[in-house]
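**Q** Just so you know, we're using numbering that gives the first Met the number 0 here: the sequence shown kicks off at 0 and counts up by one. The beta-carbon is built from N, C-alpha and C at its ideal position, and this holds for glycine as well.
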Amino acid sequence: MKLDRIDKQLLELLQGNAQWSNLELADKVGLSPTPCARRVKQLEEAGLIKNYVALLDRDKLGLKLTAYIGITMDRHTPERFEQFEAEVMTYPEVIECSVVTGQSADYLIKAVVPDMQFYEQFLLGRLTRIPGVSGVHSSFQLRQVIQRTQLPLNNLS
0 MKLDRIDKQL
10 LELLQGNAQW
20 SNLELADKVG
30 LSPTPCARRV
40 KQLEEAGLIK
50 NYVALLDRDK
60 LGLKLTAYIG
70 ITMDRHTPER
80 FEQFEAEVMT
90 YPEVIECSVV
100 TGQSADYLIK
110 AVVPDMQFYE
120 QFLLGRLTRI
130 PGVSGVHSSF
140 QLRQVIQRTQ
150 LPLNNLS
């Protein structure tokens, strides 16, 4: 889908606040409500808008510890990776999991937990017990400098 200026504006606005009403969006991008709603629907159908979510405050929820966990696998086979990925997807503490290169780790996980005691139970009781996990390296967030959910759209052609 080729994006024009209005599509990009709509995406920027919705990334910042998904609760804009169609009337507010239309006003902000200079369209009448019906064409605006049609554009948003096209962006959704094209898969550019995947979902609408509420961002929660981790600290206020008592989720004080963020861990970045490098996972090394014993074998690099599709079956090992599929088994690991299927298991880790069931862990609500894991908010991101990526296959990475350029490190000794095969996976990089971002997990959010209440405290170090919970993390220890999560690590030793669940994560390291997944078949194929041969190494784990954990780093902990001291302070978050930037947290963005918005993707940069200014360089799109």
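Which residue from Ile94, His136, Gln82, Met0 puts its Cα closest to that of Gln102?
**A** Residue His136 is the option with its Cα nearest to Gln102.
**Q** Give the list of continuous alpha helix (DSSP H) stretches no shorter than 4 residues that lie fully inside the segment 74-107.
**A** The qualifying runs are 77-87.
**Q** Ends of the alpha helix (DSSP H) at Met115?
**A** Unbroken alpha helix (DSSP H) run through Met115: 115-124.
**Q** Which of the three DSSP states is assigned to Thr71 in this structure?
**A** Of the three classes helix, strand and coil, the one that applies to Thr71 here is strand, per DSSP.
**Q** What distance in whole Å lies between the Cβ atoms of Gly131 and Phe83, which are believed to be in contact at a cut-off of 8 Å?
**A** Confirmed, Cβ separation roughly 6 Å.
**Q** Alpha carbon to alpha carbon, how far is Arg57 from Arg37?
**A** Each residue's Cα considered, the two are about 35 Å apart.
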